[in-house]
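*Asks:* Chains as they are written, first to last, in the numbering used here: chain A, 1 to 744; chain B, 1 to 256.
Glycine residues also receive a C-beta, built at the ideal position from the N, C-alpha and C atoms.
The structure displayed is predicted, hence computed values, not measured ones.
Below are the structure tokens for one structure; questions will follow.
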Ligand code: SF4
């Protein structure tokens with residue numbers, strides 16, 4: 001039977017309206033009831049676990065849907081699409097139009113924006129960070145939750161239910177917020193119903209399946225039905241529970257999986273219930289489900305590291321997880337290996353095997369650096385810091401104990417650009433920033449740097465306030481039932497996550513253009529203020545014309561020292577820029593109610609997208625070109641080899657922010673022929689203070705690209721004969737020869 | 001104390017054990033026809049023409065302190081990999097005072113040192129550096145009259161220096177550039193095998209298969225390449241060399 005158009009959206013809206021003025025936990029529970037099982041996608045052939053997503057155009061999510069929606073979200077594009085359908089009846093059209101109008105007011109992110117002060121609204125005029133120029137933008141989301149999966153798989157649904165019931169009774173006796181727990185119990189029913197829904201579906205599918213698949217679907221149904229009334233007892237059951245929870249709760253990072261699944265795995269293997277091969281097959285299916293979910297930037301699975309009570313069993317799981325990542329050729333999960341001196345060396349060996357095959361996973365995190373860094377940055381005990389987990393692109397939080405969504409972006413290079421132009425954004429001609437004089441008015445470099453700092457500090461104040469407002473609105477709007485039941489200390493305090501429940505409520509600010517800003521300042525300092533080879537006027541003219549007719553100026557700028565070459569001047573400037581932004585942001589904890597507010601220097605495509613709206617810069621970068629990625633040198637500007645680049649990276653203090661990504665690319669030969677040297681290289685980098693590494697093994701495709709755009713591939717070295725050379729400096733025929741060799 | 005260098009290459013993996021920093025000194029008394037570093041010949045800075053028409057100056061006068069600052073920056077990598085510093089060229093012994101000063105400084109800092117040499121320098125120079133060199137990468141380029149023909153100098157001095165170093169207990173890896181049809185004569189291969197027999201303590205013999213990279217560089221220095229028409233040897237040729245050497249009784253030959 002064909003579903004009524006926007007059926008799910010109408011049901012959800014009806015439930016919301018009906019409970020609009022009820023307790024937020026009750027309203028949320030009613031909405032979840034309406035949302036599921038409609039928002040569950042069907043079991044696909046080959047799935048060994050049930051749980052796929054099928055989001056509606058209106059719904060509830062603790063995370064984000066669409067670029068600018070979280071909480072009660074609506075997707076205006078989907079509305080517009082359906083309203084364009086010619087076969088839409090007038091009644092349907094009227095109802096959907098009314099719904100669109102309703103949700104445009106009632107969605108959670110609009111409520112955040114509505115609460116901005118006039119000054120905030122002026123500083124952040126737009127939400128459209130991808131398609132408009134700007135120094136700062138808000139991001140509406142509450143992403144990066146790591147609920148206590150360990151508690152979930154230990155207690156199971158019935159155990160969890162008992163705990164919630166007890167908390168409800170306590171609340172009733174003490175005059176607490178009993179309705180919060182009533183909401184949770186409904187949410188648990190919804191989860192149990194999802195199990196039932198999928199069990200029914202599995203049995204339905206089994207009817208027409210071949211014998212082998214029938215057995216698999218039967219087993220799936222058995223497990224789903226069992227999970228309604230019992231805690232998981234096997235590896236497979238535990239996976240099914242964590243997975244269906246993460247789907248229904250819409251949680252997109254999967255926790256310290258080796259810790260909470262390691263014991264299940266070991267028990268099954270040791271008792272002979274499961275073979276290694278079967279265990280691998282289960283994980284491969286889970287990995288595929290994660291990949292198909294396509295969270296874009298999340299999907300983290302954490303393995304390894306300190307603070308694992310069941311280290312030996314966890315290690316067994318970790319090795320299996322890496323094998324799954326080696327064999328399932330997908331971009332999720334983002335498998336992340338924490339390691340420390342003294343950890344079982346088999347884990348790092350396996351990691352290098354997998355990375356060497358060009359998988360880019362696992363991402364490596366050095367506990368020996370990160371734990372003390374987290375301790376300092378977040379002001380926590382060592383024991384708590386040991387439970388740090390990177391989520392999304394690389395922001396750290398404390399596993400099921402702290403929260404720190406990145407809810408704003410700042411483009412430092414744009415801030416410098418506006419400062420150089422006396423408050424004007426040269427790409428629009430509009431006055432957008434503080435008018436501090438502009439480049440021609442600064443007599444010394446120190447004056448310029450002070451103005452840049454003032455510009456940035458002014459912006460950061462508003463960003464921190466924005467984050468605070470977002471949490472306030474969230475606390476007033478959503479109980480976050482699924483997260484609150486598994487997040488310290490919501491149950492004990494009897495409060496929803498954002499209404500005072502979570503132990504450490506922090507925030508993060510994504511910074512972009514850090515490297516280009518530093519390199520621009522280095523060039524200006526040297527060429528304008530120290531050597532006087534470029535006048536302020538000339539520099540502005542060159543930047544404003546994107547170097548057209550000023551090629552000689554661009555050459556001078558490009559030749560100035562650059563971060564990434566272990567150069568004291570360039571790296572020193574990078575350190576100054578880094579420390580300034582990190583401390584400015586971190587100091588906001590004193591001005592707000594946030595437990596912490598920290599910079600994250602992460603990699604995603606924002607460096608490119610925001611670069612498009614950023615004019616030519618004094619590091620020689622042309623207008624609209626990508627800015628450097630994360631903490632890394634500008635591509636092709638690290639010309640002194642990998643050790644120099646790594647030495648530059650470790651100069652930026654990791655203990656004053658909540659995560660920075662260090663991308664590096666290696667040739668396949670590094671992993672095969674020079675495996676020992678590669679290990680030594682990484683070891684020295686980590687000993688020197690390297691916090692993390694995201695390793696790409698350079699492929700044929702990279703070499704081909706290098707031939708097309710040599711200026712971006714300065715850092716690729718190749719073995720030619722008895723010697724090495726920089727690939728892009730070779731003659732074309734030499735390049736072709738190297739390209740023609742088989743890659744091993 | 002200053003010296004003329006043309007580049008310092010960090011994270012170098014092929015100039016001795018471990019991860020190394022290789023200092024390329026500028027200036028060489030030989031003129032090997034297959035030389036892949038023709039910018040290392042002259043003792044003076046030279047203009048190098050880039051493919052895009054711009055130019056750069058190759059060659060820079062630097063102090064021991066400047067070089068050491070860069071070399072020491074990667075200390076942690078030497079320690080973890082068993083690497084160190086390598087002096088190459090050109091010919092490092094051609095600037096022997098500078099080379100000696102660098103080596104002394106490296107040893108004072110506890111670094112492992114390599115010297116890559118063509119062997120053509122006054123014997124006293126080798127004696128002077130010997131106590132500060134952990135490993136010589138010593139070229140053996142051609143045999144008999146071929147040597148003068150292809151490198152510009154006869155090989156007596158080179159052989160004598162090799163002999164003296166060996167007898168003084170130096171650690172040595174022999175490096176043999178092989179160019180198809182030029183110096184890969186059976187006489188030359190036999191001579192290599194003879195050296196292995198004669199000097200049983202050699203650590204290894206490395207075959208450096210020809211690559212025509214030098215031609216392009218020569219053009220960019222506005223010079224005429226000496227071996228314009230020679231193709232890079234395919235894998236089969238390299239294997240044939242290895243087979244012949246094995247048949248001649250060589251046990252320490254490997255590809256460098
Ligand atoms: S000795 Fe080395 S640097 Fe000198 S010419 Fe011969 S190959 Fe070139």
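1. With a threshold of 7 Å (Cβ to nearest heavy atom), would residue 32 of chain B be considered close to the ligand SF4?
2. Is the beta carbon of residue 561 of chain A sitting closer than 8 Å to the one on residue 439 of chain A?
3. For residue 337 of chain A versus residue 216 of chain A, is the C-beta distance shorter than 8 Å?
4. In angstroms, rounded to a whole number, what distance separates the CA positions of residue 634 of chain A and residue 102 of chain B?
5. Any C-beta of chain B sitting closer than 8 Å to the C-beta of residue 631 of chain A?
6. Rounded to whole angstroms, what's the CA-CA distance from residue 431 of chain A to residue 357 of chain A? Just pull it up for me.
7. Near residue 607 of chain A, what residues of its chain come up, given a Cβ to Cβ distance below 7 Å and the 5 sequence neighbours on each side ignored?
8. I want to check one thing, is the minimum distance from the CB of residue 118 of chain B to the heavy atoms of the ligand SAM below 7 Å?
9. Kindly say whether residue 95 of chain B, judged by its beta-carbon, lies nearer than 8 Å to any beta-carbon of chain A.
10. Between the C-alpha atoms of residue 269 of chain A and residue 275 of chain A, what's the straight-line distance to the nearest angstrom?
11. Hey, how far is the Cα of residue 199 of chain A from the Cα of residue 43 of chain A?
12. Measure the C-alpha to C-alpha separation of residue 250 of chain A and residue 457 of chain A and round it to an integer number of angstroms.
13. Restricting to Cα atoms, I'd like to know which of A:350, A:292, A:493 is closest to residue 318 of chain A.
14. Since I believe residue 100 of chain A is in contact with residue 79 of chain A (beta carbons under 8 Å), could you give me their beta-carbon distance rounded to a whole number of angstroms?
15. For residue 496 of chain A, decide whether its Cβ has a neighbour in chain B, counting only Cβ atoms nearer than 8 Å.
16. Would residue 159 of chain B pass as a contact of residue 205 of chain B if the rule is Cβ separation under 8 Å?
17. Starting from residue 453 of chain A, follow its DSSP beta bridges and name the residues at the other end.
18. Applying the 10 Å Cβ sphere with the 16-neighbour rule, what's the burial state of residue 89 of chain A?
19. Here's a check: name, in chain order, each residue in its chain whose Cβ is nearer than 8 Å to the Cβ of residue 583 of chain A, leaving out the five neighbours to either side.
20. Sorted by chain position, which residues of the same chain lie with C-beta nearer than 6 Å to residue 187 of chain B's C-beta, five sequence neighbours on each side aside?
21. At a CB distance below 8 Å, what residues from the stretch 553-572 of chain A approach chain B? Give them in sequence order.
22. Less than 7 Å between the CB of residue 275 of chain A and some heavy atom of the ligand SF4, yes or no?
23. Using a Cβ-Cβ cut-off of 8 Å, state whether residue 720 of chain A counts as contacting chain B.
24. Any beta carbon from chain A within less than 8 Å of residue 9 of chain B's own beta carbon?
25. Across which residues does DSSP place residue 408 of chain A in a beta bridge pair?
26. Does any C-beta atom of chain B lie closer than 8 Å to the C-beta of residue 574 of chain A?
27. Within the present structure, is the beta-carbon of residue 42 of chain B separated from the nearest heavy atom of the ligand SF4 by less than 7 Å?
28. Leaving out five residues before and five after residue 721 of chain A in sequence, what residues of the same chain have Cβ atoms less than 7 Å from its Cβ?
29. Alpha carbons only, please: which of B:201, B:179, B:155, B:141 is nearest the one belonging to residue 168 of chain B?
30. Once you ignore the five residues that flank residue 58 of chain B on each side, which residues in its own chain have a CB closer than 7 Å to its CB?
31. Could you tell me whether any non-hydrogen atom of the ligand SF4 is closer than 7 Å to the CB of residue 37 of chain B?
32. Run through the DSSP bridge pairs and tell me what residue 524 of chain A is partnered with.
33. Just tell me which of B:182, B:222, B:245, B:19 has its CA closest to the CA of residue 232 of chain B.
34. Measure how close the beta-carbons of residue 665 of chain A and residue 565 of chain A come, nearest whole angstrom, since I'm counting them as under 8 Å.
35. For residue 242 of chain A versus residue 301 of chain A, is the C-beta distance shorter than 8 Å?
*Replies:* Working from what's here:
1. Yes; taking the cut-off as 7 Å, the Cβ of residue 32 of chain B has a heavy atom of the ligand SF4 nearer than that.
2. The beta carbons of residue 561 of chain A and residue 439 of chain A sit no closer together than 8 Å.
3. Cβ distance not < 8 Å, so residue 337 of chain A and residue 216 of chain A don't count as in contact.
4. For residue 634 of chain A and residue 102 of chain B, the distance between alpha carbons rounds to 33 Å.
5. No, because no Cβ of chain B sits closer than 8 Å to the Cβ of residue 631 of chain A.
6. Each residue's alpha carbon lies about 50 Å from the other.
7. Contacts found: 512, 626, 627, 628, 629.
8. Here the bound small molecules are the ligand SF4; the ligand SAM is not part of this structure.
9. Answer no: the Cβ-Cβ gap between residue 95 of chain B and chain A never drops below 8 Å.
10. The straight-line gap from Cα to Cα measures roughly 6 Å.
11. It is roughly 10 Å from the alpha-carbon of residue 199 of chain A to the alpha-carbon of residue 43 of chain A.
12. Each residue's Cα considered, the two are about 35 Å apart.
13. Among A:350, A:292, A:493, the Cα nearest to that of residue 318 of chain A is on A:350.
14. Confirmed, about 5 Å.
15. By this cut-off, residue 496 of chain A is not an interface position.
16. Not a contact, by the Cβ cut-off of 8 Å.
17. Per DSSP, none; premise fails for residue 453 of chain A.
18. It is exposed - the Cβ of residue 89 of chain A has fewer than 16 other Cβ atoms within 10 Å.
19. The beta carbon of residue 583 of chain A is closer than 8 Å to those of 656 in its chain, skipping five residues each way along the sequence.
20. The beta carbon of residue 187 of chain B is closer than 6 Å to those of 143 in its chain, skipping five residues each way along the sequence.
21. Within the stretch 553-572 of chain A, the residues whose Cβ lies closer than 8 Å to some Cβ of chain B are 566, listed in chain order.
22. Incorrect: residue 275 of chain A has no Cβ contact closer than 7 Å to the ligand SF4.
23. Here residue 720 of chain A scores only 42 on pLDDT, less than 50, and its place in the model should not be relied on; the value that follows carries that caveat. Yes, because at least one Cβ of chain B sits closer than 8 Å to the Cβ of residue 720 of chain A.
24. Closer than 8 Å: yes.
25. Paired residue(s): A:138.
26. At a cut-off of 8 Å, the C-beta of residue 574 of chain A has no neighbouring C-beta in chain B.
27. Remark: the shortest separation between the CB of residue 42 of chain B and any heavy atom of the ligand SF4 does not fall under 7 Å.
28. Any reading at residue 721 of chain A must be qualified, since the residue scores a pLDDT of 37, below 50, and its modelled position is unreliable; the value itself is stated next. Apart from sequence neighbours up to five positions away, no residue of its chain approaches residue 721 of chain A with a beta-carbon distance below 7 Å.
29. Closest option to residue 168 of chain B, judged by alpha-carbon separation, among B:201, B:179, B:155, B:141: B:201.
30. A distance below 7 Å between beta-carbons, with the five flanking residues on each side excluded, links residue 58 of chain B to the following residues of its chain, in chain order: 6, 39, 45, 46, 48.
31. Yes, the beta carbon of residue 37 of chain B sits closer than 7 Å to at least one heavy atom of the ligand SF4.
32. For residue 524 of chain A, which the question treats as bridged, DSSP gives no partner whatsoever.
33. Looking at the Cα atoms, B:182 is the closest of the given residues.
34. So it is not a contact: roughly 17 Å between Cβ atoms.
35. Not in contact: residue 242 of chain A and residue 301 of chain A (Cβ atoms no closer than 8 Å).
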